[in-house]
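Chemist: What follows is a structure written as structure tokens; I'll ask about it next.
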Amino acid sequence: MAQKKHKRRYKRDLLKQLEATFDLERLDYQKKTRPVQGKAILFGVLAAFLVYSLGFAAGYTGWQNQVVDYAMFAKMVWLMMIPASVIGVVTWLLVKNRLEYPIRCEMRDYIRALEGERGLLWRYLPLLNELEPDNLVCKEMMARSSEGKFDDLEPEDYGRAVKDLIAMLRESGSKAVSPETMEEVEKNLSPGAEST
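Using the working numbering, you'd call the opening residue of the sequence shown number 219 and step up by one each time.
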């Protein structure tokens with residue numbers, strides 16, 4: 219019984235350490251980019267409106283001057299929606315990427331500072347293998363952390379992997395961590411640990 223309490227306490231201490239190490243607010247990509255998405259949509263709608271308005275004005279002027287008949291003008295009104303929509307979507311994507319770029323750079327800098335030279339996230343791989351072995355996003359991020367490919371880490375995936383790891387520990391309830399896993403994680407978290 220005392221052994222089981224020790225295992226649960228170890229898991230609780232590990233959860234506290236994870237929460238202290240990773241700033242979840244700085245890794246919440248969705249929350250940080252939410253204000254930007256509204257602006258990007260607005261720019262896309264505005265670009266589509268301007269293109270459609272120019273096409274409509276040209277068609278209307280042609281119809282008023284009897285260069286274009288009524289049937290052609292009616293078709294042109296509908297056909298102008300296609301390029302207006304395409305230009306609106308392209309504008310939305312360009313503006314969205316441009317506005318999200320500084321957020322991604324700030325998150326990448328934070329991730330590089332967290333990972334250091336030897337990586338950090340890979341050290342929790344034994345815990346992931348025991349509690350949730352099917353989480354592929356976490357495994358991929360841990361593999362890249364182990365290899366030292368910090369520039370290849372996508373900020374939104376890294377944040378999701380950290381959130382999943384913390385949620386996995388919280389939701390595991392009274393399920394104790396095996397002694398082998400505890401030893402592996404302790405060995406990985408020691409200062410001289412190297413990734414395999």
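For every residue, glycine included, the Cβ atom is placed at its ideal position computed from N, Cα and C.
In this text the structure is predicted, and so the values were computed from the model without any measurement.
For residue 379, collect the residues of the same chain with a Cβ closer than 6 angstroms to its Cβ; drop the 5 residues on either side in sequence, then sort them by chain order.
Modeler: 355, 356 and 359
Chemist: Suppose you measure from the CA of residue 388 to the CA of residue 370; what does that come to, to the nearest Å?
Modeler: 28 angstroms
Chemist: How would you write the range of the alpha helix (DSSP H) that residue 206 sits in, first residue to last?
Modeler: The question about residue 206 has no answer, for the chain in this structure spans 219 to 414.
Chemist: Over what stretch of residues does the alpha helix (DSSP H) that includes residue 310 continue unbroken?
Modeler: 299-333
Chemist: Hey, out of 351, 278, 255 and 285, whose CA is closest to residue 383's CA?
Modeler: The shortest Cα separation from residue 383 among 351, 278, 255 and 285 belongs to 351.
Chemist: Can you find a heavy atom of the ligand GDP that lies under 6 angstroms from the Cβ of residue 364?
Modeler: Although the ligand GDP was asked about, the structure shown includes no ligands whatsoever.
Chemist: At a cut of 8 angstroms, does the region 331-351 reach the region 303-315 through at least three beta carbon pairs?
Modeler: no
Chemist: Check whether the Cβ atoms of residue 277 and residue 291 sit closer than 7 angstroms, and answer yes or no.
Modeler: yes
Chemist: Should the region 232-247 be regarded as contacting the region 317-337, the criterion being three or more beta carbon pairs within less than 8 angstroms?
Modeler: Yes, the region 232-247 is in contact with the region 317-337.
Chemist: Rounded C-beta distance between residue 317 and residue 257? I'm assuming under 8 angstroms.
Modeler: 6 angstroms
Chemist: So what's residue 455 in DSSP terms, helix, strand or just coil?
Modeler: What is shown of the chain runs 219 to 414, which leaves residue 455 out entirely.
Chemist: Quick check on the burial criterion: 16 or more other C-beta atoms within 10 angstroms. Buried or exposed for residue 376?
Modeler: buried
Chemist: Measure the Cβ-Cβ separation of residue 373 and residue 298 and say whether it is below 7 angstroms.
Modeler: no
Chemist: Here's the rule: buried if 16 or more other CB atoms are within 10 angstroms of the residue's CB, otherwise exposed. What is residue 403?
Modeler: buried
Chemist: Could you name the residues of the same chain whose beta carbon sits closer than 7 angstroms to that of residue 309, not counting the 5 residues immediately before and after it, in chain order?
Modeler: 261, 262 and 265.
Chemist: For residue 306, count neighbouring C-beta atoms within 10 Å of its own C-beta (all shown protein chains included) and say buried if the count is 16 or more, exposed if not.
Modeler: buried
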